[in-house]
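Under our numbering, think of the first position of the sequence shown as 35, with each following residue one higher. Every residue gets a Cβ at the ideal spot worked out from N, C-alpha and C, and that includes glycine. Notes follow the structure.
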Amino acid sequence: MQTILVVDDEFGIGEVLEAILTDEGYRVVTAINGHHALERLAGNRIDLILSDLMMPVMDGAVLFKALQADGRYRSIPFVLMCSLPQANIADRISGYTAFLHKPFKVDDVLSVIGKILGKPDDAA
Numbered sequence: 035m036q037t038i039l040v041v042d043d044e045f046g047i048g049e050v051l052e053a054i055l056t057d058e059g060y061r062v063v064t065a066i067n068g069h070h071a072l073e074r075l076a077g078n079r080i081d082l083i084l085s086d087l088m089m090p091v092m093d094g095a096v097l098f099k100a101l102q103a104d105g106r107y108r109s110i111p112f113v114l115m116c117s118l119p120q121a122n123i124a125d126r127i128s129g130y131t132a133f134l135h136k137p138f139k140v141d142d143v144l145s146v147i148g149k150i151l152g153k154p155d156d157a158a
């Protein structure tokens, strides 16, 4: 089963994404900020990270840079979520796998994840 790490400080978003992705056949691990995400990575085999940009403690840009600096995590696809237009954050972060503009449609989330990981049934 493919595992997705959802990183978002907004509890409602994390909870909804966890429910939707679980229903779609993914295993979901959640974190409330980048620091917490790094802790969660240590104990799980993660296939994709879906992370908010703007969070307290450690934001998505700092998390992404930390992942890129660590050979164990550099190859994990990183999908960035943000309420700002993508062009407005280009100076803070680049090189991520995909971008989702908040608020997003569930179908858009599933489409992006499916393009990266394939459908959960494809992994069997």
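Residue i: first and last residue of the uninterrupted beta strand (DSSP E) it sits in
i: phenylalanine 112; result: 112-116
i: phenylalanine 133; result: 132-135
DSSP-derived helix/strand/coil call for residue i
i: glycine 91; result: Reading the sequence as shown, one finds valine at residue 91 and not glycine. Correct three-state label for valine 91: coil.
i: phenylalanine 98; result: helix
i: serine 145; result: helix
i: isoleucine 83; result: strand
i: leucine 121; result: Going by the sequence as given, residue 121 is alanine instead of leucine. Three-state result, alanine 121: helix.
Same chain, Cβ closer than 6 Å to residue i, neighbours up to 5 away in sequence not counted
i: phenylalanine 112; result: Ile83, Phe98, Tyr130 and Thr131
i: isoleucine 91; result: Note that residue 91 corresponds to valine in the displayed sequence, not to isoleucine. The answer, listed in chain order, is Asn67 and His69.
i: arginine 108; result: Gln102
i: methionine 35; result: Arg61
i: glycine 162; result: Nothing about residue 162 can be reported from this structure: the residues present for the chain run from 35 to 158 only.
Beta-carbon proximity list for residue i, same chain, < 7 Å, skipping 5 on both sides
i: glycine 48; result: Val40, Asp42 and Thr64
i: arginine 79; result: Thr37
i: arginine 126; result: Ala95
Neighbourhood of residue i by C-beta, 8 Å cutoff - its chain only, sequence neighbours within 5 removed
i: threonine 56; result: Val62
i: alanine 158; result: Caution applies to alanine 158, whose pLDDT of 43 falls short of 50 and renders its modelled position unreliable; the value that the coordinates give is listed next. If we look at alanine 158 and ignore the five residues flanking it on each side, it has no Cβ neighbours.
i: valine 146; result: Val113, Ala132 and Leu134
Endpoints, alpha helix (DSSP H) assigned at residue i
i: alanine 76; result: 68-76
Integer Cβ distance of residue i from residue j, believed to fall under 8 Å
i: alanine 95; j: leucine 72; result: Alanine 95 to leucine 72, Cβ: 14 Å. No contact.
i: valine 143; j: leucine 134; result: 6 Å
Next item on the list: Any chance you could list the beta strand (DSSP E) runs of at least 3 consecutive residues sitting entirely within the segment 38-65, in chain order?
Entry: Qualifying beta strand (DSSP E) stretches, in chain order: 61-65.
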